[in-house]
Every structure is written in structure tokens, then in C-alpha cells.
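These notes concern the structure reproduced below.
In our numbering, the protein residues as written are 2 to 627.
Structural data, given as C-alpha cells:
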């Protein structure tokens, strides 16, 4: 008797699954692990992004899911973490490529000033807190120094995602992180001195001097090599016109320098950063950055996955109170000091919460410090596990706390920042009222005032208002979507209301208020795009202008002239396009919500435009022959 179709399909699926599992069992370990890492990242990261949690949380969750305390698909966490640290190395190499030596030298004061203040201040505070809990001073010192360091990978990744690196907080954070990498050298050198006397008897001064000379020689070799040898090497490789070899050379450079730095006991990331700085003003900077970027992104993702896998939930379950106490103490004490540091650095108030939270967490280098301390018998095994677990947990929850900061704390900061600025209170009577003083509204106001026409300007961005007032513009604080503020600003007596706010929904709201309460005012509105233009026209706005339309036409005219068209021909083409486009919008407007009719009309309009311009070209050629 034949089987039903659904049973056959189910049987076939089972056979396929079994075949896949069987094939995976016989595949090399590296291939299986690569498949697991990539699958976890591809699933978790897009989901995290879609939920508004950011990519880092996605990577961390992926690591937890496939790690020893999740599905148990990967167990060699330590080896993976060491390998993935190369992502941090590549990241600092790319960062170094953005900093020319002159610029780095100009940052020496914030690096060594604010950087030392952060490391020493946080270490002292955490040292005192650990002593208060009754621990030995040696343990307290290691705990303070290890927890004072922050995660370079997470901080720089978040700064990069939010485009914060060029800001004051981004530069301050980068300076502090760079000093932390420098501080890693004396911290590791200090650990043997904190060990028992029997362990330190073998350390001889001659050996110390030898190590110092070795460090100086390697760093000097990197500097000289970067200046004298690396550029000719890249120039020679570039002549081969083989892109893959150029990429291989780029990776070889970073791997080689990192290996040298690790050989002498220094930070690999510091060496890579130094190499990047030395090549920052070379002609191959952009190509190096392009070649390294994909590897950096993948390895950083792997690093975050490894951090997620390294969270020891067994220790967390066994000592929950101790772990939570360490994490809370770390975030609160370190966060408080860093926030005070942000105040002293006079960072913008809206940048302080993110700056504080990112630097308050533990860092990946703490793993190295605590493990090295355990080897030197400064920390026992249980204390080491607790500290490493707490650091990993702080790195795990910091991106989650960042989401909380974005959604609840930053809006409060924005309100606090603007609360000191009084809203418009004195009635105004100018003929022109401009709502919004961004790039669009500024140009209109400048033209009017240059011609002797005064106007009232309303904006709700406190920082923008402060800047405008420094340049001599009279701008009032207030949200133009509020009817009472519009009345105070003189909308009831204004002849013209210019709506130049950024958000389309706010534009429509202001126009509706004006149509209902201030019909005497002619509305001139800024449209973001064609659909927004249609909405404004439906509300009766006759003077609605698409914000990028005219500037795009100017650029198109320049392109036509560069292609060999005469200025008169280019101007005529642009003129006809403008007229045709505006006419098309009016023609389509009655049925712009009907997608099928809209597409059909747009295609017909494009065909008509091609015929118009073809006729123009034929006419120009005929005039030339005559």
C-alpha cells in the first residue's frame, strides 16, 4: 500500500537532516565551528538590529546560545577568545590609520592627562572598596587595576556605530582607551612583584634591563621600519597589480607587528595602533583601510561571540550574590568617577550618559590581568573565576543598559538641557514667521534680514539657538506644533508662515494648525520628497518646495557641462526638466495614492521628457548647421 504524500515528504526531510548531521560529524572541526559561528551571527545579529538592540547584543546572545552554557556546540572558549582578540588588534590598526602623527602628538595631553586620571582614579576607588570588604591589599590592588580598564572593542564599536568618534566624548573616550593600552605594560610588570617572596627572588635587575632594552629596540624598529621600509614594500607590491597580494601584505604587516609586541610582553593592539599611525599619512592609507575592514568586522564579531561564550553561568549560579555585588560595585563606583571626569572635561551634557556607561564596564584586558595574577599566585582560583565572570557579565549587560539609556535617560537629559532656556513669552508682530532654524530656515532668514525684512524665528533645539544667538540672530525657543506658542510668536498677525522643520509629520501638523487658526497667513513649506509634497498640496499649501530639488538641478547642470554640453544647452535642458517635472507632479497629484496609476503616469511622463529633450537636441543641431 503506497504511503501518503505527507509521510513521504516527512521521511525525505528526516533523511536529509540525518545526512547533514552525518556529514557534519565527519567534517573538520574548524569547518564545523566556522559554520556554527556564522550561523549564530547571521540569525542573532539581524534579529537584535530589528529589535533596536544593536549588533553587539546580537553577537553576545549568539555566543551564549552556542557556548557551554547554551546549546554546548562550542567548548574551547579560551582558544577562540585568544584568536578573536585579533579583531581588536585590526580595529586599532584601522583607528591608527585615521590619526596622523601630528594629530596624535596634539592629543598627548588628553591621552596622558585624562587617561591617567581615569585609570588611577578608578583603580584607587575600587582598591579602597575592595579593602573595605576585608581583602588583602595585594588582591585589592590587582582588582582595582584590572577593573579600572574598559572594553576597547565595545566602546570603539559603539562610538563607530553612532558616529561619535569625531565628537568630544568620542575623542575623550579614545584618548582614555589608548592610555589604558599603554598602562597595560606596567600593570603586567607589577604582578610578579606582588607575588610571594620566593617567587620574586629570581628576578634580577640585569634581566629587567635586558627586557627594557628589548622593548625599546622593538618599538624603535617598528618606527623606523614604518618610515623607511614599509612604504617602499607597499609601493613594490602595488606595482604587481595583484589586489589579493596587497591584502595579504596588509594582514602580514599587522600580524608581524602584533607578534613582535607579544613577544616582548606588550599589547598587540598597541603595536597595531602604532603601525597604523605611522602609515596614516601614506598614499596607501585608504587602500589599507579597505583591505583590513572586512577582516576587522568579522573578527570583532567573533570576539563578541567569544565573550558571550565565556560568561560562566555556573559560577553565577554558585555565587550569585558575590557576582552581582562585584558587577554593581564596578558599574556604580567606576561610573560615578567617570561621570565626574566628564564634568571636569566639560563634555556636552547629552553625551555624558553614553560616555559614562561605555567606560564603566569591565574590559577584555581584565581577563589577561586576572589570569596572570592567578599564575603568579596573587589570586586564588575561586576569586579569579568570580572576577572574570563579573567582567564578562558587565560586558554583556552594558549594551542592554545602553538601550535603556537611549530610550529613557537621554530624553530626560534633553529636557533637562532645554529646561533652562525659557520659551517665547513676549508677543511678536513681524510679517514673517519662520518655524525651524536648520539649514533650510537659516538661508531664508539670512536673505530676508539682508534685505532689511525682519522676521520671527522659532526653534526647539536649544543648542542650535545658542549657536544662532552667538552669530547675532534673534531666535526664540519653542515648539511650533503648539498653538499657544504660535500665537505668541505672532502667527495671528503674520502675512507669511515659513514651515522649515526637519520632520515631515511636524510640518503637516503645523500646516493644519495654520489652516485652521491663522488663515490670513500664506504658508511656504519645506517638503522632504514628492509624497510629502502631495500631502502639503492636499492641505492647500501652494508654495511647497522639495528641499533637494533645486540643488539637484544645479548639480545636474554641472554634470551636463562637464560632459561637453554648452552652458546655454545645459541651462535649457535643466529649465525644460524643471517645468516638465512640476507639471507632472500637478498631473499625478489627484491619484498619487493609487500605486498602479502613479507608476503608469510616471512612465508616460518619462517617455514624454525623452521626446522633449530629443527634440531639443535636434533643434540645436539644426541651428548649428544653419
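Just so it is clear, CB atoms sit at the ideal spot from N, CA and C, and this is done for glycine as well.
Just so it is clear, the structure is predicted and the values come from calculations on it, not from any experiment.
When the distance is taken between beta carbons, is residue j closer than 8 Å to residue i?
i           : j           : result
residue 512 : residue 490 : no
residue 544 : residue 274 : no
residue 396 : residue 81  : no
residue 359 : residue 64  : no
residue 313 : residue 390 : yes
residue 128 : residue 142 : yes
residue 433 : residue 499 : yes
residue 442 : residue 458 : yes
residue 78  : residue 307 : yes
residue 91  : residue 303 : no
residue 507 : residue 528 : no
residue 445 : residue 501 : yes
residue 535 : residue 608 : no
residue 296 : residue 252 : yes
residue 382 : residue 374 : no
residue 540 : residue 509 : yes
residue 290 : residue 165 : no
residue 280 : residue 224 : no
residue 120 : residue 184 : yes
residue 147 : residue 463 : no
residue 139 : residue 191 : no
residue 629 : residue 365 : Absent from the structure is residue 629, since the part of the chain shown begins at 2 and ends at 627.
residue 1   : residue 145 : Residue 1 lies beyond the range of the chain shown here (2 to 627); nothing can be said about it.
residue 573 : residue 617 : yes
residue 581 : residue 610 : yes
residue 370 : residue 188 : yes
If you draw a straight line from the alpha carbon of residue i to that of residue j, how long is it in whole angstroms?
i           : j           : result
residue 113 : residue 176 : 8 Å
residue 158 : residue 293 : 15 Å
residue 73  : residue 342 : 42 Å
residue 557 : residue 575 : 8 Å
residue 327 : residue 461 : 42 Å
residue 393 : residue 363 : 7 Å
residue 408 : residue 533 : 28 Å
residue 322 : residue 298 : 36 Å
residue 315 : residue 338 : 31 Å
residue 453 : residue 435 : 16 Å
residue 276 : residue 88  : 15 Å
residue 8   : residue 47  : Caution is warranted here: a pLDDT of 41 is assigned to residue 8, below 50, making its placement in the model unreliable, and the coordinate value is therefore given only provisionally. The straight-line gap from Cα to Cα measures roughly 34 Å.
residue 24  : residue 69  : Reliability of the predicted coordinates at residue 24 is poor, the pLDDT of 49 falling under 50, and no value is obtained from them.
residue 598 : residue 255 : 57 Å
residue 522 : residue 475 : 21 Å
residue 320 : residue 245 : 50 Å
residue 106 : residue 398 : 35 Å
residue 311 : residue 305 : 10 Å
residue 401 : residue 615 : 59 Å
Per DSSP, residue i is paired with what?
i           : result
residue 460 : 478
residue 434 : 457, 498
residue 523 : 497
residue 538 : Its beta-bridge partners do not exist; DSSP assigns none.
residue 544 : 525
Apart from the five residues on each side of it in sequence, which residues of its chain come closer than 7 Å, Cβ to Cβ, to residue i?
i           : result
residue 560 : none
residue 34  : 75
residue 108 : 176
residue 428 : 489, 491
residue 579 : 554
residue 248 : 292
Quick one: residues in its chain with C-beta nearer than 6 Å to the C-beta of residue i, no 5 flanking neighbours on either side, listed in chain order?
i           : result
residue 352 : 170
residue 309 : 61, 64, 65
residue 537 : 526, 528, 545
residue 622 : none
Can you list, in chain order, the residues of its chain whose CB lies under 8 Å from that of residue i, leaving out five sequence neighbours each side?
i           : result
residue 484 : 514, 518
residue 50  : 56, 59
residue 197 : Because the pLDDT of residue 197 is 49, which lies under 50, any placement of that residue in the model is unreliable, and the number read from its coordinates should be weighed accordingly. 378, listed in sequence order.
residue 420 : The predicted position of residue 420 is uncertain, since its pLDDT is 46 and thus under 50; a value taken from the coordinates is nonetheless stated next. Hits under 8 Å: none found.
residue 516 : 524, 540, 541
residue 330 : 127, 130
> Along the chain, which unbroken stretches of the alpha helix (DSSP H) at least 4 residues long are found entirely within the segment 546–589?
Replying inline: Annotation: the segment 546–589 contains the following complete segments of the alpha helix (DSSP H) (minimum length 4 residues), in chain order: 550–563, 568–589.
> Quick one: complete alpha helix (DSSP H) runs, 4+ long, within the segment 94–169?
Replying inline: Runs of the alpha helix (DSSP H) inside the segment 94–169: 102–107, 109–133, 138–149, 153–162.
> Going along the chain, which unbroken runs of the alpha helix (DSSP H) with 4 or more residues stay wholly within the segment 335–379?
Replying inline: The alpha helix (DSSP H) runs lying completely inside the segment 335–379 and spanning 4 residues or more are 353–361, 365–376, given in chain order.
>> Could you tell me which whole alpha helix (DSSP H) segments of length 4 or greater appear in the segment 220–271?
In response: Within the segment 220–271, the complete alpha helix (DSSP H) segments of 4 residues or longer fall at 231–240, 244–264, listed in chain order.
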